[in-house]
Each structure stands twice: as structure tokens, then as C-alpha cells.
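In what follows, a single structure is set out as C-alpha cells and then discussed.
2 protein chains.
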Amino acid sequence: MLKLSSAGALAALATTVPGVAAPVESQRRTVPKWEIFEISLQGPSTGNPFVEVELTATFVRGGRTVSADGFYDGEGRYKVRWLPDEEGEWSYTTRSSVAELHGKTATFTCVRALPGAHGPVKVRNTHHFAYADGTPYFPFGTTCYAWIHQGDALERQTLKTLQASPFNKIRMCVFPKSYEYNRNEPVLYPFERNAAGESDFRRPNPAFFAHLELRIAELCALGIEADLILFHPYDRWGYATMPAKADDQYLRYVLARLSAYRNIWWSLANEFDLMKAKSVADFDRFFQIVLQHDWAGHLRSVHYSKSMYDYTQPWVTHASLQSYDFDVAAAWLKAWGKPIVYDEVMYEGNLNKRWGNISGEEMTRRFWLGVIAGCYVTHGETYLDPEQPFDENTTPTLWWSHGGTLHGSSPARIAFLRRLVEETATAAGAQSKLTGLDPGAAPYYLNASSADANGAIQEIVYYMDFHQPIYYEFPLPDGSFTAELIDPWQMTVMAVPGGFSGKTKLKLSGRAFQAVRFRRIA
Amino acid sequence: MLKLSSAGALAALATTVPGVAAPVESQRRTVPKWEIFEISLQGPSTGNPFVEVELTATFVRGGRTVSADGFYDGEGRYKVRWLPDEEGEWSYTTRSSVAELHGKTATFTCVRALPGAHGPVKVRNTHHFAYADGTPYFPFGTTCYAWIHQGDALERQTLKTLQASPFNKIRMCVFPKSYEYNRNEPVLYPFERNAAGESDFRRPNPAFFAHLELRIAELCALGIEADLILFHPYDRWGYATMPAKADDQYLRYVLARLSAYRNIWWSLANEFDLMKAKSVADFDRFFQIVLQHDWAGHLRSVHYSKSMYDYTQPWVTHASLQSYDFDVAAAWLKAWGKPIVYDEVMYEGNLNKRWGNISGEEMTRRFWLGVIAGCYVTHGETYLDPEQPFDENTTPTLWWSHGGTLHGSSPARIAFLRRLVEETATAAGAQSKLTGLDPGAAPYYLNASSADANGAIQEIVYYMDFHQPIYYEFPLPDGSFTAELIDPWQMTVMAVPGGFSGKTKLKLSGRAFQAVRFRRIA
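Respectively, the protein sequence lines represent chains C and B. Letter 517 of the first sequence, counting from 1, is numbered 517 in our numbering, and no numbers are missing. Take any residue in the second sequence, note its place counting from 1, add 522, and you have its number in our numbering.
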């Protein structure tokens, strides 16, 4: 028996027919571009099908042929998923070590993408990102490491909070987290466990992965990229210390299941250098496995604690930093030739930990510093309720790990900054080159600019940081520009009447942490 | 004719007899310890006595003999100054290339120091300072580069402002300043000039130096150290580009005139590396001249713009930094084994220059960061009146250069911090070792401690910077301590009831930029 279905984002789920049984493989079906096309087959359930059964499907369109790994989904179900990225007629043929899964073939039609579906995010213009259809994408991420392990009520609250938030990327782990303030057991475990609580790393838990996929699809429906962390050190179940063979099998299983989700980024680890059972060579190998088995070519990076991974490696698509040193960003951008995301700049909060108690003002400042440095920044929040007793062995609801609700003052300011950055893509005379801000050429104060396809600067943003000049003479490039005084904390944009060119002397507020934007009018 | 007098600080002037004529050199006189003893002789005024007449005096007490250079003070007057640093009987004998100045001899008695006179400041306990009598001295300096060149009214206002300020050190230049916002001519020139305005660098102007000395004496009366800058690059009169011979002669003239002022520190230059007519070797030579001719051994350093002088040189007594990188302070303290003064951390103000427009909050923060790093910090202020038109070619009254009045919010907070640091010297069980804060051994947050002569920590201060924990567990050394919550901006110290030992969990305010102090009670 063969099932054909298109699954994926919630929006997609609403307009296509998920999990519907299709009688024969010769039947033609349609799937919108960048929604999941799924082949579902019934096969053997004896032994350990996760490792004993080989299944791939070859997808063909025109002269193009790509192979995708299938996976065992439990109860005799086998699946192969595909994310069609080209409209038109496609065909597929399966290959398997098991006769009943082998040689299945069919055709289907990829039709126009649904509204809001722009495809996977790719690197664009060296230091920036865009969706596959060319729509600029500016990552303004947040962090909820273990949110999918908190139970349905809290997870739904997290999604609701995300929907109203400025965040379009989320750093989240596959595995549950064992750490200070993270003592709860997960609802579902990623592998089968025996009565003694011992995991069989050779047997993934399909229910766990179905739940993970649901959350990823829900994020997709909200326009949020899932920056999925595949390994991390904060573990008491053995997931951080699996044998190499189990690591690799787990990776291939995740890649087979999730590569068809268009909103996936692969983060090979959170703080890889704190995983004492693993070496850099292990992560090099993991990258190779991802390269080989993610036919969709999702973004790939790895995050560190103290010791940086070599981001010059060709298999790394962008840097994922734990740092708040923005002064070195320009040198790194140049040396690496890749986008840089400051994925951990400490968290806004009031925790008893240095990494979890910076002010909303400082978080806002770090977002501005990162963006003006030509990079991107990720948020996180750790506010304890001051009325509650504190004990690191409890599990209060902290956004950084559990999700829930946001309490900080920075998200509103991050929303404001995101809007300003998105406006670079709609600047007067905007060209496809306009996908974000690059470190500015103007001397002295921190500034960044956005140029069109011909290299002509369309927009310049100055961020004054702790400086509070009462006036300043801004050197503008040739042409004529509007000027706006921006208050990143009050979230106001005040136009200065007139057009400006050459050395432009502006009276400023004399307050600190202000910004000035110039946009080309001629 | 011989004049004997004791000059010096205003306080001293009020209780001793300045400039009084003394009939014969054999007459016994008394001078308080650390006040100026001055020999005044009449000699030739023809030719160029500044360079053609040699004069020294040898001062003897017990088995100790020290030679001091004399100087020509115009109108046939020659002087030799001395700062007696030991009570008891002294004698002197002059030597000169001119017969009428040669062989003058007399005795005098050094009596107990006047109240408030503690002698010159010296390095104490490797990274700190104390007066010669052992009284701890904690530099909390400010900057008025050209204040002695602004005319009597403004200069008196500056002194009045200083008197009410927390500042006990002032960075000030001998030479006038030519720079943005510094376009005025000085009232007096350091060298004789002809009608065309050309200086004769071989002829110092005694009136200029008398005026400089008056200001230094007035500072001394206010308990303020004069961190006297001997060279600087901001010049239109030729003082930055004198021939080497003129440089050396000028230096020896200054050393002969001013070494007897107990509140002198020698700063060989402001931004020495911007003096394009000079090399590092020139400054090495200047240091040698100071070493050789300053018989009082005043503190010696040099300040830079971008390229640091080699502070490991044995003739440098302390580092004088232009920097606000406090993270490296611990490494520098260790490498150099000398006190570090962050003498230029930008200025509080609203100027159109990056160096002259940080907020009062940021200036306050930098003072705290410096002090917690085991160093000292110097203030400066550059506030333009927002109601006035701005033109860099004018000379508004900016404290940083001209003096006048203070407008910023940081001085009150610096006064508060100075009081806290001074309290380290009066901590329970205070010993002579207690002269300031050293970088703390406790991990994680920024902290500094003060130990007694036996190395037992008497006090620990934490500064939380942009962190805002709602509680924190502080690791205390053996013993029992009081705890106080300090708000550096509100300038409050709130005692937490009880005594604390071991790991001490304190509830904190949850606000950023707070401090906590622990002081030993047992």
C-alpha cells in the first residue's frame, strides 16, 4: 500500500490534504512549491527496521535527479519526504533493500507556492540571507532551548507568544535539557527506553519525532525558522555521550525526516566544545553527514562556548557565535566571507548567572551593535519571578529554555529594529542587492549602509551608542538624502525636514543610545 | 644679596613668610617639612643668564648630600629651591660659574609638617599610591589641559570649582593649547617673544613660570596633585617642534623651578605619539633628564594617543593610559608591576567628537570598572551650551581644556566612589597594606578586594555592571563580614542586617549597575 500526501506548515496543512491514503502510485497528485511531498509505504515491522531496512527515492524533474533518504515511522510505515523547489512535472522511483518498498514510482505536479511560502533561507550577498525565492530574510531570533519538552499547554503558550513577538528564528534543541532550572523530565523521549529508563539509541521514537515535526510545522506557519540544535552538552539521559555509530544513525534519521521542512536550519550543537565526549573531528564528520544527506541544502552552523569552531570550513554556511564582541565583527566578516549571527549575547533577565541577567537596555544595545556591525543577533530571556523562592533545582518557566511568556523590555525594541532593517529592502531605488546593512565606510561613529546592485549606497544608519553629541557633521556620499533621528528605546523615528547632501550638520538630542538614518532620495 | 624664603601651598603661604628678604646666609631659619625652602641670590643680568650661568646648591643633612639645580628668575635674580623631607638641621652650599653666586652657605631647621602636608605622592604596594608620610592617596583626577592660560577670572573660577569637586589630581599642560574649541592666545607665553611673535626658546619667561607656580601652589592648598604635562602636540607657537637642545633646556628649567613643589607629577606628554617631530628616543631622553635633575623623585609617566609608551621602562613610575579597555587591566598590572591610571577614558559631554560626548552614566561606569580592575581613572568634561551656535573655531568654556564650572552628572558619583575607596584605608583591622582595591580573586562578576599587611582580605567590592541579578551567592573568604548594597548612581549604601560568612546568598534589587560591599568584622 502506498500513501501520497503533502504535509508541512500549518498554513499548508490547511489547504492541502495531509496523510490521505492514495490508492496507487500511478495516480497524479499536485503539491505546491516548497510544501512537503510525502511518499508513505507499508513494509516489514519485524527486527529493527530503523537500521535494517534501506529506502531511498529518486526524484526527477527534467534532466535533474536527486535522491532522498526514507525513514521508518513505526508500525510498518516507511516514508520518503521531498520539498519540490520547481514548478512542473516531477516523478520519483523508490529503491529499497526490501522488495515491497522497492521500485515504487509515480508522477506529481508542483504548482505555484502558497502565499507566504518563500522556500528555505539561503545565504545571499555574502553576509546576508534571503529565502529561496529571493525575498530578503533578516534573522531576528530568540532562544527556547527545550520548549518542545514542556507539555502541550506550555508549548501552545510559547507558540502564542512567538506569534506576537518580533522573532523569526528560534534556537531549539532536539534533545531535552538537564541543567540549572531545568530538572523536569521530557514528555516524550527521542529513543525507545526500557523499564529501567535505558535508551536504545538504535530505535528512534516515531511519536517523539512526530511531535517535533508538529512544532516545526507550527513555527513555519508563523514564519519562524527553526534553528535546530542537534547535539548539546546539558544531558542526563545519555544523548550527549552516544557511541559514534548511534550519533551518525540519529543524524541520518533526523535528516531523512526533517530536510523537507523548509524552515529548518541545522545547528550541529549548542556549545559543542563543552561536549567532552566529542572532538572537533566528530563535528567535522557530522557536517559531512549533513552535507551528504540533506538534499535540500539547509543552512549549517555550530555554536560554541569558549573555543570557536573553524567557521572558514567550506561546509559551514554562517557563523553562530557566543560573543558580544562586536568590534571584531568587520574583521571576521572579511576573513570568513559568510553571514555572522551573534546567537548568544547573554540573556535579558535577573538570574543569578552572569549569562542570564543583562538589562533590557543592554540587550537592545547589543542588537543595535550587531546590526550596525553588519551581523545579526539572537535574543534570549531569563526572568525569575522576584516573589518566588529561588532554587536552581526547580524548573520555573524561563523563556530561554521552557518558553511561555516574555517579560522583558527588549522584544518591543527588537521589533522596532527589525522593522528598520526590513526597510532597507524597500529603500528608494531598492534593488536585489538590498538585503541588509554592511559595516559602514564612514569614519568615527558606528555606522552601516545598504547599497543597491550597482554599489550605490541607498541608506546609512548611525548608532551613537553611549555617545551623546548635541550636534554632529555626517559625511554623506554623492547624492541627496533624507535624515531621520531615531530613538531605539523610545522607538521613535523623527524626520528632519529637507534633503541633505555632502557634510550634513544635524542638531541631535544630546541623549545617549540614539541613531540617525539617511535614505537616498536622489 | 641673599634671600631665604619658604614658599609653597597657599596653606603654607598663610603660615610662613613668602619672599621675605633675609639679610645674611648664615642666619638660621626654619621651614616646615615638605614646604619649599628657597635660596634667592642676586647676580648678573647681562647676556643670557638662563643658559650662560651655572648654579647648583648642595643640601646636607647628617650623612646625606643632595644637589639641586638653581634657575634664573629674571632681573638678576637667581634661585635654588629645596623641599626638605626630614626634620632637623640642614645646611647648604652653592656652586656657580659666577663668583657672586658661588660658595654661599647657611644652615636651616626643618620643623614638623604643617597640617595637611603629607609630602609628595609615591608608589605604594606595587599598584597603589601614598604620600611620603604613608597616608594613602587614591587618585581621582580630572582634566583641564589649558586652564592656566585663560586669564585670572576664569582661572579663579576653576579653582573654586575644583575646591568643591571630588578631584585630587589635575591633568594640565605647561604650554598653551591650539585645537578645536581652543583658539585663544594665552595671557602669558612660556618664552620671550619678539614683535613678530617669534619665540626665543633660550629665554624662558619668568612671569609665565611665576604664574604657573602660583596655580600649582593653589592646587596644593586644595590638596590637588598637579599632573603636569610637559609637552603636547596641539600647538601653533612652535613649542611642539623646538630643537632638541631647546627641549632639554626647557625641561631642566622646569625641573629646577618646580621639583620643590610637593604636589607635582611629571607627565612627559599628552599623546606623545602624535608629536610628529619627536621620536620615542626623544621621550626616553626626556625621562633621563627628569631622573637626573628631579632630586625629589616625583612620579613620572607619559600619555599616548594610539601607540603606547613602553611602561615597563624602569624610569616610568606608573602607566598613564588613553583607554577604556578594563578587561586587560589585570594582565597589565601583572606585567608592568606598577600602578595604572586610566587618564583618558573619553570625556562626559555633548561635543561633536567621539572622545568628548559620553554620558554621565558611562563616565561613572568607567570609574567603577577601572577601580574594580585595581586601577584609577581620570575624569574630563566637554559640555557645549545647547543654546549657543557651535563652531569649532570658537573658544567656548569647556572644562576639559579651559576649566570654569562643571555641568555633568558624573562628578557627584565620582565623589561617592572616592569616599568608598578611601574607606578601604579605614576598614576594620586596617593595616598599612590597605591602600586601595586589587583585582578580586572571586570568580564570575567583577570584584576587587583590599587585604591587610598579612594578606587577609578585609573588604570585597562587587560591581555588577550591566548585570541585574535578583539574587546572587557571593563566595566569601574565611571569617565574618558585613554586607552592603550600593547604588553607584543613586549614591546610596544600604546595610544588609547581620554578619555573613562562606557562600552568602543575597537578594538584590534586580536593577543594573549596582554594587555590593563586604567588610570584615571578624
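A virtual CB, placed ideally from N, CA and C, is assigned to each residue, including glycine.
Taking 3 residues as the minimum length, the beta strand (DSSP E) runs contained wholly in the stretch 943 to 995 of chain B are 968 to 973 and 979 to 985, in order along the chain. Counting along the chain, no alpha helix (DSSP H) covers B:L752, and no H or E run does either. In summary, C:S450 is buried, with 16 or more beta-carbon neighbours lying within 10 Å of its beta-carbon over all protein chains present. With a contact defined as Cβ atoms closer than 8 Å, C:L291 and C:W265 miss out at about 14 Å.
By the beta-carbon neighbour count (other beta carbons within 10 angstroms, threshold 16), B:N716 is exposed. DSSP, read as helix, strand or coil, puts C:H128 in strand.
Shown here, B:D595 sits in coil according to DSSP, grouped into three states, outside any helix or strand. If you draw a straight line from the Cα of B:R693 to the Cα of B:S567, it is about 35 Å long. At a cut-off of 8 Å between C-beta atoms, C:A512 counts as an interface residue with respect to chain B. Between B:L744 and B:L681, the C-beta spacing is below 8 Å.
Ranking B:H924, B:T946 and B:G878 by CA distance to the CA of B:G896 puts B:T946 first. Taking 8 Å as the upper bound for CB-CB distance, B:L563 and B:K626 are in contact here, some 6 Å apart. Nearest CB-CB separation between C:I289 and chain B: not below the 8 Å threshold.
Counting C-beta atoms within 10 angstroms of its own C-beta, C:A441 has fewer than 16 neighbours from the protein chains shown and is therefore classed as exposed. When beta bridges are read from the DSSP output, B:K1027 appears opposite B:E995.
Any Cβ of chain C closer than 8 Å to the Cβ of B:R876 would place that residue at the interface, and such an atom is present.
With its beta carbon less than 8 Å from one in chain B, C:P386 belongs to the interface. Inter-residue distance for B:M885 and B:G760 is about 34 Å (C-alpha atoms, whole angstroms). In the three-state scheme derived from DSSP, where H, G and I count as helix and E and B as strand, C:F209 is classed as helix.
Here DSSP, grouped into helix, strand and coil, assigns B:E574 to helix. In terms of Cβ geometry, B:L968 and B:I1043 do not form a close pair [threshold 8 Å].
With fewer than 16 other Cβ atoms from the protein chains shown falling within 10 Å of its own Cβ, B:E574 counts as exposed. Residues of the stretch 792 to 805 of chain B with a C-beta less than 8 Å from any C-beta of chain C: none at all.
The beta carbon of C:I486 sits no closer than 8 Å to any beta carbon of chain B. Scanning its chain for C-beta atoms nearer than 7 Å, with the 5 sequence neighbours on each side dropped, one finds around B:G641 the residues W556, D607, Y653, A654, D655 and R784, in chain order. B:A937 has its alpha-carbon roughly 10 Å from the corresponding atom of B:E944.
One finds nothing in chain C with a Cβ atom closer than 9 Å to the Cβ of B:P554; even the nearest lies about 47 Å away. In this structure, the alpha-carbon of C:P186 lies about 13 Å from that of C:A207.
At a beta-carbon threshold of 9 Å, the residues of chain B lying near C:S359 are F988, H989, Q990, R1033, A1034 and F1035, ordered along the chain.
At least one CB of chain C lies nearer than 8 Å to the CB of B:N872. Contact note: B:Y993 reaches chain C through N352 and F390, using a C-beta cutoff of 7 Å and chain order. Proximity to C:L83 across C:T109, C:E100, C:A495 and C:G63 peaks at C:T109, based on C-alpha coordinates.
Per DSSP, the unbroken alpha helix (DSSP H) holding B:E677 starts and ends at D674 to Q685. About 6 Å separates the Cβ atoms of C:W489 and C:R413, confirming a contact at the 8 Å cut-off. Apart from the 5 residues on each side of it in sequence, B:T839 sits with its Cβ closer than 6 Å to the Cβ of V645, L821 and R822 in its chain, given in chain order.
B:W922 is not a Cβ neighbour of B:Y756, given a cutoff of 8 Å.
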